[in-house]
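Taking it in order: structure first as structure tokens, then the write-up.
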Amino acid sequence: MSTYTQILYHIVFSTKKRNRSLVTANRPELFKYIWGVLKNKKCHLYQINGVEDHIHIATHLHPSVSLASLVKDIKISSSINIKTEKLFNNFNGWQTGYSAFTHSFKDKDKLVNYIKNQEKHHRQISFKEELINLFHEHNIEFDDKYLL
């Protein structure tokens, strides 16, 4: 018997100390690189986007890949790529942790649109407010001290 899954994750992580280093001009190159990491892990990217201090990824998680190892691989390899390609001059790395939320596949289009509209969204709400809203929406208990 084969394994069949449909695990849709919304992954969010920020730059170290919320450094606003992800300048608009080079973000597409970063996103393309991360897409390659996902493809190599047999994960399907539905949407990736972000602003100066964080990114959002909507992806199918292949059953052979753990969420923690995927995020670790994305962060390590993209950090090396950012430095090698000199994409973001003030980039000091990614934050230690991350947030991840599962979604029903029937809500995929809503999630994709949410991620596509990050620049517009963050004209009205901060990253911290966004995370708190996501935690409440997904009934996740959190500690304010980790929300710098």
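Counting from 937, one number per residue, gives the positions in the sequence shown under my numbering. Every residue gets a Cβ at the ideal spot worked out from N, C-alpha and C, and that includes glycine.
Answer with buried or exposed for residue i, where buried requires no fewer than 16 other C-beta atoms within 10 angstroms of its C-beta.
i       : result
Ile1083 : A small fix is needed here, since residue 1083 is Leu in this sequence, not Ile. The residue is exposed, with fewer than 16 neighbouring Cβ atoms inside 10 Å.
Tyr940  : exposed
Ile1061 : exposed
Thr1020 : exposed
Glu1066 : buried
Asn985  : buried
One question on the structure: do residue i and residue j come within less than 9 Å of each other, judged by their Cβ atoms?
i       : j       : result
Ala1004 : Ile1051 : no
Asn955  : Asn1049 : no
Phe949  : His990  : yes
Glu988  : Ser1015 : no
His992  : Ile947  : yes
His1074 : Phe1037 : yes
Leu974  : Ile1018 : no
Val1085 : Tyr1034 : Because the chain in this structure spans residues 937 to 1084, residue 1085 falls outside the shown range and cannot be described.
Lys1081 : Asn1028 : no
Leu1047 : His1057 : no
Which of helix, strand or coil does DSSP assign to residue i?
i       : result
Thr1032 : coil
Thr939  : coil
Val973  : helix
Ile1051 : helix
Leu1023 : coil
His1074 : coil
His1058 : coil
Leu1067 : helix
Ser1086 : Look at the range of the chain in this structure, 937 to 1084, and you will see that residue 1086 is not part of it.
Leu944  : strand
Contact defined as beta carbons within less than 8 Å: I believe residue i pairs with residue j. What is the distance between those atoms, to the nearest angstrom?
i       : j       : result
Gln942  : Phe1041 : 5 Å
Lys1093 : Tyr945  : One cannot answer for residue 1093 here, as it falls past the ends of the chain, which runs 937 to 1084.
Thr951  : Gln1054 : Not confirmed; about 14 Å, so no contact.
Lys978  : Ser1000 : 7 Å
Counting only beta-carbon separations shorter than 9 Å, does residue i have a partner in chain B?
i      : result
Tyr982 : Looking for chain B here will not work: only one protein chain is present.
task: Mind listing, in chain order, the continuous beta strand (DSSP E) runs of no fewer than 3 residues lying wholly within the stretch 976-1011?
output: 980-987 and 990-996
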